[in-house]
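Engineer: Using full-length UniProt numbering, the first residue of the sequence shown is number 1, and each one after it goes up by one. For each residue, glycine too, the CB sits at the ideal point set by N, CA and C. Here you go, one structure.
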Amino acid sequence: MTTHEELLARLNADLPPSGILLGAEILELDPSGRVRMSFVATPAFCNPNGTVQGGIVAAMLDDAAEMACVADAGKRIFVATIEMKVSFLLPAKAGKLYAEGRVIKRGRMIAFLEADLFDGEGALLARMTSTAAPRAF
C-alpha cells in the first residue's frame, strides 16, 4: 500500500463517533486537499416534513471539509471549525448522500474550506464554506 492508501484506510478505520453515527465512509482522498465521502441519512435524521434536518446536513458537510483538510496535511490532524455558512439548495431525503470537500487555502493557523452535498442522482443539495483551525493531535 502507498502512504496515500494507508492514510485512507486509517481514516476510515478511525472515524470519529459523529462520523459513525452519520454512516460516513471516505471514498476518495486526494493529497491536494480534496475528498469524496458517502453518508447514510436514516429516517431518524428527518424532520416532520420528511427531509433530513439541516443540522445533520451541516454535520455531513463539516466532516467532508475536515477530511479534505486532513488529506491536504497528509497526516491525522484535528480540524476545529471556527465558523461555517451553509446554503441549503434542495431538500435532502433519507438514503445515501455524497459529499465533496476541498481545501481552498490552508495556512499555518487557519484553513478555508468548502464542501458540497449531493443526492444519489448527483443533484446539489447544499454547499458549505467554513474557516477552521487545523492542529496536530
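1) By Cβ distance below 7 angstroms, which residues in the same chain neighbour alanine 71 in space, the five residues on each side in sequence not counted?
2) Please report the residue range of the alpha helix (DSSP H) in which isoleucine 110 lies.
3) Suppose the cutoff is 7 angstroms on Cβ atoms and the five residues either side in sequence are ignored; what does the same chain contact list for alanine 24 look like?
4) When the distance is taken between beta carbons, is alanine 132 closer than 9 angstroms to cysteine 69?
5) Let's test the definition: count the other Cβ atoms within 10 Å of the Cβ of threonine 3 and tell me whether it reaches 16, buried, or not, exposed.
6) Would you mind sorting methionine 1 into buried or exposed? The rule is 16 or more other CB atoms within 10 Å of its CB.
7) Just how far apart, CA to CA, sit isoleucine 110 and glycine 101?
8) As a quick exercise: from Lys75, Gly122, Ile20, pick the residue whose alpha carbon is nearest that of arginine 135.
9) With H, G and I counted as helix, E and B as strand and the rest as coil, what does DSSP make of alanine 136?
10) Count the other CB atoms, across all protein chains shown, that sit within 10 Å of the CB of arginine 10; report buried if there are 16 or more and exposed otherwise.
Structural biologist: Reading off the structure:
1) The count along the sequence shown starts at 1 and reaches residue 71 at position 71. So the list reads Leu29, Asp30, Pro31, Gly33, Arg34, Val35, once near-sequence residues are dropped.
2) Position 110 of the sequence shown, counted from the first residue, corresponds to residue 110. No alpha helix (DSSP H) contains isoleucine 110, which DSSP labels as neither H nor E.
3) Position 24 of the sequence shown, counting from 1, holds the residue named residue 24. Excluding residues within five positions, the ones whose Cβ falls inside 7 angstroms are Leu15, Met37, Phe39, Asp63.
4) What you label residue 69 is simply residue 69 of the sequence shown in a count that begins at 1. What you label residue 132 is simply residue 132 of the sequence shown in a count that begins at 1. Going by C-beta atoms, cysteine 69 is nearer than 9 angstroms to alanine 132.
5) Against the sequence shown, residue 3 aligns to sequence position 3. So threonine 3 ends up on the exposed side.
6) Counted from its first residue, the sequence shown places residue 1 at position 1. Because methionine 1 sits at a pLDDT of 44, beneath the cut-off of 50, its placement in the model cannot be relied upon, and the following sentence gives the value as read from the coordinates. Exposed, because fewer than 16 other Cβ atoms sit within 10 Å of the Cβ of methionine 1.
7) In the sequence shown, counting from the first residue as 1, residue 110 sits at position 110. In the sequence shown, counting from the first residue as 1, residue 101 sits at position 101. So the alpha carbons of these two residues sit roughly 16 angstroms apart.
8) Your numbering for residue 135 matches position 135 in the sequence shown. For the residues Lys75, Gly122, Ile20, the minimum Cα distance to arginine 135 belongs to Lys75.
9) In the sequence shown, residue 136 corresponds to position 136, counting from 1. Looking at alanine 136 - three-state DSSP - the assignment turns out to be strand.
10) Position 10 of the sequence shown, counting from 1, holds the residue named residue 10. Answer is exposed; the Cβ neighbour count stays below 16.
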